[in-house]
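Mind the numbering: the sequence shown is residues 6 to 311 in our numbering, read in order. Ideal Cβ placement from N, Cα and C applies to all residues, glycine included. Keep in mind the model is a prediction, meaning the values are calculated, not measured.
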Amino acid sequence: MTAADSTPMRAAADSAADSAGIVHGGGNPSGLPKHRHMSFWNASRRVFDLSLGEMLWSRRTIFMALVVGGPVLLAVIVKVVELFGMSALRVNRQPVAGFGIFGVMIWMLFLRFIVPVLGVFYGTALMADEVEDKTITYVFTRPIPRGAVLVGKYLAYLACTMLVVLPSVMIVYFLLVPFSALPETFGSLVIDLGLLGLGLAVYGAVFAFVGAFFKRPLVIGLLFAFGWEQVVMALPGYLKQFTIAYYLQALVPHAMPADGVASMLQGMFRENPPVAVCLAWLFAYLGVFLYLATRVVERKEYVLEQ
6 MTAADSTPMR
16 AAADSAADSA
26 GIVHGGGNPS
36 GLPKHRHMSF
46 WNASRRVFDL
56 SLGEMLWSRR
66 TIFMALVVGG
76 PVLLAVIVKV
86 VELFGMSALR
96 VNRQPVAGFG
106 IFGVMIWMLF
116 LRFIVPVLGV
126 FYGTALMADE
136 VEDKTITYVF
146 TRPIPRGAVL
156 VGKYLAYLAC
166 TMLVVLPSVM
176 IVYFLLVPFS
186 ALPETFGSLV
196 IDLGLLGLGL
206 AVYGAVFAFV
216 GAFFKRPLVI
226 GLLFAFGWEQ
236 VVMALPGYLK
246 QFTIAYYLQA
256 LVPHAMPADG
266 VASMLQGMFR
276 ENPPVAVCLA
286 WLFAYLGVFL
296 YLATRVVERK
306 EYVLEQ
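Dropping the structure here:
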């Protein structure tokens, strides 16, 4: 975020201050509120309103569009190949149906790469960008709860990423799955969309905490998502149970093509704990780390470097 990008957050703070009863200028030189502070959720909503527009028109959204555009481009290529009577993917010389290819993309591209990378780049920046651009004081000097700033920006992150990622998944689905297979596969698509939304929420909460707590959050986030999780998921033992990917992948409703490379890789990375256990752990990650992130923001003294 550049210096020019700080204007929306300053506007959000000023708008929240006005709603809380602050009189600026000569009318109230002390800057003290005439009425009580804005409630936590009202302040979060105000920050969300301003942050969403800021995120949608930021350079990160261009990066996100390029990332999610990759699977769409692959789906177009597969469709073109099939129009010429050829199979885009074969396992043991047998063609893989479009829904099987869609399942491979969900598992290997969206869950293994796109969801974590968006969580890292957006989640770690929720507060870190304000500190880096030295605009955090414009927000924290207003009569709104500090934690509401993070929650509002987190909700804006969720809305922004879902508005881009979920439509791209639907485009890939309708490109790859034949019309005759839609009735029997549409339920899996709905599960996929919910699963990706949950993944964005959980990764975003974890990396929001990383961004609020650590000084160089992006490096730590990348090491966690593409170092720790990738290595631990490939190793035997119980350590994989302390990753987000372990529970997300267990909820994927697709079966990979049998006796192929994808099936072998899935056998290495995927286990099947009960659905209730997976959901309980994922929502626990979401709630605990989002709460910790708000507590850090409320208590931490941010020092702006010169």
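Check the Cα spacing between Trp286 and each of Gln254, Leu123 and Ala230: the tightest is with Gln254. If you ignore the 5 residues before and after Val73, its C-beta comes within less than 7 Å of the C-beta of Ile119, Val169, Val170 and Ser173, all in its own chain and listed in chain order.
If only complete runs of 4 or more residues are kept, the region 142-201 shows the alpha helix (DSSP H) at 151-181, in order along the chain.
Contact between Thr248 and Val257 does not hold, since the beta-carbon distance rounds to 15 Å and is not under 8 Å. Secondary structure of Asn47 (DSSP, three-state): helix. Counting C-beta atoms within 10 angstroms of its own C-beta, Lys220 has fewer than 16 neighbours from the protein chains shown and is therefore classed as exposed.
The DSSP assignment places complete alpha helix (DSSP H) segments of no fewer than 4 residues inside the region 201-264 at 222-228, 234-239 and 249-255, in order along the chain. In this structure, the alpha-carbon of Gly58 lies about 23 Å from that of Phe214.
Ranked by Cα distance from Leu61, the first of Arg151, Leu160, Pro183 and Ala48 is Leu160. The beta carbons of Val302 and Leu71 sit about 30 Å from each other, so the pair does not count as a contact at 8 Å.
Assignment of Glu306 by DSSP, reduced to helix, strand and coil, places it in the coil class. Within the same chain, Cys283, Trp286 and Leu287 come within 6 Å of Tyr252 by CB-CB distance, once the 5 residues on both sides are set aside. With a 10 Å radius around the Cβ and a threshold of 16 neighbouring Cβ atoms, Leu55 comes out buried. In the DSSP annotation of this structure, Arg117 is not part of any alpha helix (DSSP H), being labelled neither H nor E.
Pairwise C-beta distances place the region 144-155 in contact with the region 41-51, as three or more of them are shorter than 8 Å. Short of 7 Å from the beta carbon of Leu291, and not among the five residues preceding or following it, lie these beta carbons of its own chain, in chain order: Ala206, Val207 and Ala210. Listed in chain order, the non-local C-beta contacts of Ala298 below 6 Å within the same chain comprise Leu155, Ala213, Phe214 and Ala217, local neighbours out to five positions each way being set aside. Secondary structure of Ser56 (DSSP, three-state): helix. By the CB criterion at 7 Å, Pro279 and Val177 fall outside the cutoff.
Residue burial is scored here from C-beta neighbours: Ser63 has at least 16 other C-beta atoms within 10 angstroms and is therefore classed as buried. For Thr66, the three-state secondary structure derived from DSSP is helix. The closest CA to that of Asn47, considering only Val136, Gly157 and Ile111, is found on Gly157.
In terms of CA proximity to Val81, Phe179 leads the group Phe179, Val125, Ile67 and Phe68.
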